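Be aware that the sequence shown starts at 1, since it is given in UniProt numbering, and climbs by one per residue.
Note that CB positions come from ideal geometry on N, CA and C, so glycine has one too.
None of these values were measured; they are calculated from a predicted model.
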Amino acid sequence: MESEKIHCLIIGSGPAGYTAAIYAARANMKPVLYQGIQPGGQLTITTEVENYPGYANGVQGPEMMVDFEKQAARMGADIRFGLATKVDFSAPPFKVWIDEDKLVEADAVIIATGASAKWLGLESEERLNGFGVSACAVCDGFFFRGKEVAIVGAGDTAAEEALYLSKLCSTVHMFIRREEMRASKVMQERVQRTPNIKVYWNTNTDEILGENKVESVRVKNVKTGDLQTIPISGFFVAIGHQPNSDIFKGWLDMDEAGYLKTIPGTSKTNIEGVFAAGDVQDKIYRQAVTAAGSGCMAALDAERYLSAKGLV
Ligand SMILES: Cc1cc2nc3c(=O)[nH]c(=O)nc-3n(C[C@H](O)[C@H](O)[C@H](O)COP(=O)(O)OP(=O)(O)OC[C@H]3O[C@@H](n4cnc5c(N)ncnc54)[C@H](O)[C@@H]3O)c2cc1C
């Protein structure tokens with residue numbers, strides 16, 4: 001098996017990973033960054049980003065992430081395509097296997113593997129994904145201007161997305177599995193005050209209907225068993241995100257949802273020399289700028305760790 005020994009390994013290529021790479025490269029840590037299956041991370045699936053400081057006129061998400069990559073490469077980061085598939089953090093140097101067939105041993109590891117949207121698991125949802133089914137109102141709401149759409153979810157994110165869609169679409173049908181929402185009171189009130197959001201309590205999605213595009217949705221009232229078919233053009237899933245932390249199970253402390261735990265105010269995990277940044281350790285803010293900020297923290301924490309050990 002091919003193997004290699006390096007100072008600093010960065011796993012993930014979203015705002016957190018690339019920012020860590022910029023700082024680590026400038027600190028002469030010769031970072032190697034593996035991009036994973038989504039080079040550029042979550043922002044590559046969105047359009048306009050208007051809230052990232054420095055882009056006075058806004059920027060397209062994919063374009064912004066190309067800028068991040070170019071900046072990291074210009075500073076000397078070694079950016080590679082590949083997926084971390086297994087780790088052994090029992091002692092430094094930390095072992096990380098890439099694509100199952102390459103071993104990288106690193107003095108310090110920065111984890112910036114982000115998070116992924118959760119899906120309902122329906123066959124029709126998978127088949128029509130990108131053809132009217134979406135997990136992102138901000139990205140795809142625009143395509144359904146003036147049309148009827150549906151959204152599934154009961155948390156703050158679902159409420160926010162429903163409100164966002166209500167400004168673009170004629171009607172937003174919102175399906176809630178229980179008799180109440182999990183969203184904060186303020187968000188619930190905003191949803192219920194919005195005339196074109198129609199809330200369906202105790203309602204499960206049975207099937208999304210349509211051949212090559214979404215045409216309607218069949219829902220079931222879980223109390224009565226009644227089925228109802230509602231014509232819609234877009235179907236949005238807003239049931240949360242899953243942190244990409246599976247391969248770290250058993251090594252790193254995480255909460256019940258799988259978010260990595262860091263020592264408050266730092267990027268340090270429970271293992272000295274292993275750091276975490278971005279959405280994989282942040283279920284509260286989940287923004288590009290906060291991910292980038294924590295990527296900076298991780299590189300600085302890693303630099304101090306390596307320097308204290310006389311390794312850089
Ligand atoms: C549609 C959409 C629109 C958004 N719009 C905005 C916005 O307008 N403004 C804003 O501030 N935020 C926005 N966000 C949120 C923002 O995208 C995230 O907060 C941010 O991308 C998180 O950055 P990250 O670096 O932590 O991880 P991510 O961007 O999630 O990137 C994770 C990276 O890790 C890699 N990876 C995962 N597992 C592995 C592995 N095992 N091995 C190697 N690599 C791995 C992936 O390939 C990916 O490159 C949006 C999110 C979405 C989904």
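Applying the criterion that 16 or more other CB atoms from any shown protein chain within 10 Å of the CB defines a buried residue, is residue i buried or exposed?
{"i": "residue 225", "result": "exposed"}
{"i": "residue 1", "result": "exposed"}
{"i": "residue 166", "result": "buried"}
{"i": "residue 326", "result": "Residue 326 is absent from the model: the chain starts at 1 and stops at 312."}
{"i": "residue 121", "result": "exposed"}
{"i": "residue 264", "result": "exposed"}
{"i": "residue 161", "result": "buried"}
{"i": "residue 98", "result": "buried"}
{"i": "residue 88", "result": "exposed"}
{"i": "residue 186", "result": "exposed"}
{"i": "residue 285", "result": "exposed"}
{"i": "residue 192", "result": "exposed"}
{"i": "residue 31", "result": "buried"}
{"i": "residue 144", "result": "buried"}
{"i": "residue 331", "result": "The shown model of the chain, from 1 to 312, leaves out residue 331, and the question about it has no answer."}
{"i": "residue 4", "result": "exposed"}
{"i": "residue 308", "result": "exposed"}
{"i": "residue 41", "result": "buried"}
{"i": "residue 227", "result": "exposed"}
{"i": "residue 146", "result": "exposed"}
Are the beta-carbon atoms belonging to residue i and residue j less than 9 Å from one another?
{"i": "residue 234", "j": "residue 133", "result": "yes"}
{"i": "residue 18", "j": "residue 295", "result": "yes"}
{"i": "residue 117", "j": "residue 242", "result": "yes"}
{"i": "residue 91", "j": "residue 7", "result": "no"}
{"i": "residue 13", "j": "residue 79", "result": "yes"}
{"i": "residue 173", "j": "residue 230", "result": "yes"}
{"i": "residue 131", "j": "residue 168", "result": "no"}
{"i": "residue 11", "j": "residue 72", "result": "no"}
{"i": "residue 244", "j": "residue 115", "result": "yes"}
{"i": "residue 119", "j": "residue 135", "result": "yes"}
{"i": "residue 75", "j": "residue 112", "result": "no"}
{"i": "residue 127", "j": "residue 154", "result": "no"}
{"i": "residue 150", "j": "residue 29", "result": "no"}
{"i": "residue 180", "j": "residue 201", "result": "yes"}
{"i": "residue 20", "j": "residue 302", "result": "yes"}
{"i": "residue 44", "j": "residue 61", "result": "yes"}
{"i": "residue 207", "j": "residue 218", "result": "yes"}
May I ask you to report which of helix, strand or coil DSSP gives residue i?
{"i": "residue 34", "result": "strand"}
{"i": "residue 185", "result": "helix"}
{"i": "residue 269", "result": "coil"}
{"i": "residue 23", "result": "helix"}
{"i": "residue 89", "result": "coil"}
{"i": "residue 80", "result": "strand"}
{"i": "residue 287", "result": "coil"}
{"i": "residue 178", "result": "coil"}
{"i": "residue 231", "result": "strand"}
{"i": "residue 304", "result": "helix"}
{"i": "residue 131", "result": "coil"}
{"i": "residue 65", "result": "helix"}
{"i": "residue 44", "result": "helix"}
Check the C-beta distance from residue i over to residue j and give it rounded, since I have them as a contact under 8 Å.
{"i": "residue 85", "j": "residue 69", "result": "Not quite, the Cβ-Cβ distance comes to about 22 Å (not below 8 Å), so this is no contact."}
{"i": "residue 213", "j": "residue 171", "result": "So it is not a contact: roughly 18 Å between Cβ atoms."}
{"i": "residue 291", "j": "residue 39", "result": "About 15 Å; that fails the 8 Å criterion."}
{"i": "residue 266", "j": "residue 281", "result": "About 11 Å; that fails the 8 Å criterion."}
{"i": "residue 203", "j": "residue 176", "result": "6 Å"}
{"i": "residue 83", "j": "residue 37", "result": "6 Å"}
{"i": "residue 289", "j": "residue 52", "result": "6 Å"}
{"i": "residue 156", "j": "residue 183", "result": "5 Å"}
Are at least three pairs of beta-carbons, each pair with one atom in the segment 243 to 250 and one in the segment 213 to 233, less than 8 Å apart?
The segment 243 to 250 makes no contact with the segment 213 to 233: fewer than 3 CB pairs, one atom from each, lie closer than 8 Å.
Any 3 or more C-beta pairs closer than 8 Å across the segment 289 to 306 and the segment 269 to 281
Of all C-beta pairs linking the segment 289 to 306 to the segment 269 to 281, three or more are shorter than 8 Å, placing the two stretches in contact.
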